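J.: Below is one structure. I have some questions about it.
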Amino acid sequence: MLPLPPLIGHRGAAGLAPENTLESFALAADLGCPMVEFDVRLSADRVPVVFHDDTLDRCTDGSGPVAALTLAQLKRLDAGGGQSIPTLTEVLALCRDRRLAVNIEIKPDVGAEAETARLALEIAGAVWPTDRPLPLVSSFSHRALASARQVAPHWPRGLLAERLPKNWRRLVDIYECKALNLDHSWLTATRVTEIKAAGLAVLAYTVNRRSRAEMLWFRGVLAVFSDRPDLLVRGEHSIVMNFSRLR
Numbered sequence: 001m002l003p004l005p006p007l008i009g010h011r012g013a014a015g016l017a018p019e020n021t022l023e024s025f026a027l028a029a030d031l032g033c034p035m036v037e038f039d040v041r042l043s044a045d046r047v048p049v050v051f052h053d054d055t056l057d058r059c060t061d062g063s064g065p066v067a068a069l070t071l072a073q074l075k076r077l078d079a080g081g082g083q084s085i086p087t088l089t090e091v092l093a094l095c096r097d098r099r100l101a102v103n104i105e106i107k108p109d110v111g112a113e114a115e116t117a118r119l120a121l122e123i124a125g126a127v128w129p130t131d132r133p134l135p136l137v138s139s140f141s142h143r144a145l146a147s148a149r150q151v152a153p154h155w156p157r158g159l160l161a162e163r164l165p166k167n168w169r170r171l172v173d174i175y176e177c178k179a180l181n182l183d184h185s186w187l188t189a190t191r192v193t194e195i196k197a198a199g200l201a202v203l204a205y206t207v208n209r210r211s212r213a214e215m216l217w218f219r220g221v222l223a224v225f226s227d228r229p230d231l232l233v234r235g236e237h238s239i240v241m242n243f244s245r246l247r
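With UniProt numbering, letter number 125 in the sequence shown gets 125, and the count goes up by one each step, no holes.
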């Protein structure tokens, strides 16, 4: 079983701070969240940055494709509350210093799937401490997962999907995945049992109600992603404490 806690801050604490910013990750740590998830894509000068959308419009005061601007240009934008778009290196350093475990989601532009995974994991491999639990690497992109397997073969991988693909057994075998990260609304008890019987961890996104999280944990979901870790971390069950001993 993957050494994951039951609660993962989605883009940090995205319901309380600007998503995928250093402020959001620091707040997740302050709230007692043991792990965070974030998205990585490339700037025009091929620097891995932490940002979800392929365009700047929703989350910054800029507009147009992220991939059209250099890192220096991206850094001049406001990503919310005066926060800048962080580089992958900056986010990993914060997570390292705050002892947060991480799920790196590769969020590539079309045609840059393998390159995004390669550049991101080369940086992560150089920055991440060897005595800490390995990052979970996930993606919707099969090409990105294939590249991740080549660059960091010993790092656990998760196949991201909204619903369970019909050929999921073949896909997790090809990309040697340890987890399936799926939309929580689709995860019935039967489906969770089926996935776990195949030896895979089940992770559910995005869960912002404690009652729903508890139901999913009861069904056997290993971890839930949440924009509001403050609502779920209190009274968390013992897996969080067990996980803390690994860090």
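A virtual CB, placed ideally from N, CA and C, is assigned to each residue, including glycine. Model, not experiment: these values are computed from the prediction.
Would you say the beta carbon of R191 comes nearer than 7 Å to a heavy atom of the ligand MG?
T.: No copy of the ligand MG occurs in the structure displayed, which carries no ligand at all.
J.: In the DSSP assignment, the alpha helix (DSSP H) including E194 goes from what residue to what residue?
T.: Residues 189-197.
J.: Report the partner residues of D39 according to the DSSP bridge assignment.
T.: According to DSSP, D39 bridges with E105.
J.: Can you tell me whether N167 is buried or exposed, with buried defined as 16 or more other CB within 10 angstroms of its CB?
T.: The residue is exposed, with fewer than 16 neighbouring Cβ atoms inside 10 Å.
J.: With DSSP as the reference, label S52 as helix, strand or coil.
T.: Here residue 52 is His; the residue named in the question, Ser, does not match the sequence. Of the three classes helix, strand and coil, the one that applies to H52 here is coil, per DSSP.
J.: Which whole-angstrom value is the C-beta distance of R118 and S147, which I expect to be below 8 Å?
T.: Contact flag correct, Cβ pair sits at about 5 Å.
J.: Assuming D227 contacts G64 (C-beta within less than 8 Å), just tell me the rounded distance between them.
T.: Going by Cβ atoms, the distance from D227 to G64 rounds to 26 Å, so no, they are not a contact pair.
J.: By DSSP's criteria, D183 is part of a beta bridge. Which residues make up the other side?
T.: For D183, which the question treats as bridged, DSSP gives the partners Y205.
J.: For V224, does the three-state DSSP call read helix, strand or coil?
T.: Correct three-state label for V224: strand.
J.: In three-state DSSP terms, what is T87?
T.: Strand.
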